[in-house]
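Undergrad: Just passing along the structure, written as structure tokens.
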Amino acid sequence: MITVLVADDQAMIRAGFAALLSAQPDIQVVGQAADGLEAVAGARDLRPDVVLMDVRMPRLDGLEATRRIIATGTTTKVVILTTFDVDDYVYAALRGGASGFLVKDAPPEDLVAAVRVVAGGEALLSPSVTRRLIEEFATGSRIDERERLRLNALTAREREVLRQIAGGLSNAEIAGELTLAEETVKSHVGRIFAKLCLRDRAQAVVLAYESGLVTPGSPPAGGRRSGS
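So for the sequence shown, our numbering puts the first residue at 9; every next one is plus one.
What follows is the structure in structure tokens.
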């Protein structure tokens, strides 16, 4: 059973999301929060698998609430809810540890799928959104030397896999791009996350850009992928 906390300052939206998710046989809504402080307290006390977090809320916004939740070292995953598909808060939320974001007016089935995907350990970032979002807010940023030095822990192959992750590729797609077995790619991804202390692919994408391993506008290494 996947447990969820819904945080949104609009009561009707909270109730609607909660009702939709509660109707699923594998999802249980364990709490609701009307602002960021309630979300942080709820995440601490209820320890849900996933928090659906509105960005703009009173007392404490979703960005700072996300940071506080992740800073506790919890296994809870945060999905940012936003009105627009590209929002200047979203990149900062990903840096703060969010596992992805979802547009509020997405179809109901997308909300349900999002909860399941994130609870399963994946990042909720489609390839096209990943590139557009990161390029939007990473363009012009200086390379973070500390992040660049973290890459020294990786082998050449692991760096290559990280580049592909930054392009939004799945394990199966990376396997095809690099001519590797999918299980081998999965092992590489696991070692990358362990060495760099990453929670999921969302954090891997941000690190790849901030370290300079991937630059805004550049195609994924290998060059065969298109359409992002």
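For each residue, glycine too, the CB sits at the ideal point set by N, CA and C.
1) Which residue wins for smallest C-alpha separation from D34, given the options D69, Q172, A114 and V120?
2) Can you list, in chain order, the residues of its chain whose CB lies under 6 Å from that of R22, leaving out five sequence neighbours each side?
3) Could you tell me whether the segment 184-202 touches the segment 71-91, where touching means 3 or more Cβ pairs closer than 8 Å?
4) For the putative contact between L186 and E168, defined by C-beta atoms under 8 Å, what is the C-beta separation to the nearest angstrom?
5) Do the CB positions of S107 and V123 come within less than 7 Å of each other?
6) Taking just the CA atoms, how far does G129 sit from A164?
7) I need the straight-line Cα distance from P116 to Q36, nearest angstrom please.
8) Go ahead and label A161 buried or exposed: buried means 16 or more other beta carbons lie within 10 angstroms of its beta carbon, across all protein chains shown.
9) Quick one: residues in its chain with C-beta nearer than 8 Å to the C-beta of G70, no 5 flanking neighbours on either side, listed in chain order?
10) Over the uninterrupted alpha helix (DSSP H) stretch that includes G44, give me the two end residues.
TA: Considering the structure as presented:
1) Considering only D69, Q172, A114 and V120, the residue with the shortest C-alpha distance to D34 is V120.
2) Only V14, D16 and Q40 meet the Cβ criterion.
3) No contact exists between the segment 184-202 and the segment 71-91.
4) Between L186 and E168 the beta-carbon gap is near 6 Å, inside 8 Å, which marks them as a contact.
5) In this structure, the beta-carbon distance from S107 to V123 does not fall below 7 Å.
6) Spanning the two alpha carbons is a distance of roughly 25 Å.
7) When only Cα atoms are considered, P116 and Q36 end up about 16 Å apart.
8) Taking a 10 Å sphere around the C-beta of A161, we find fewer than 16 other C-beta atoms and assign the residue as exposed.
9) Within the same chain, G70 has close Cβ partners A15, G44, A47, M61, D62, V63, R64, I88, L89, Y97 and A101.
10) DSSP places G44 inside the alpha helix (DSSP H), whose first and last residues are G44 to L54.
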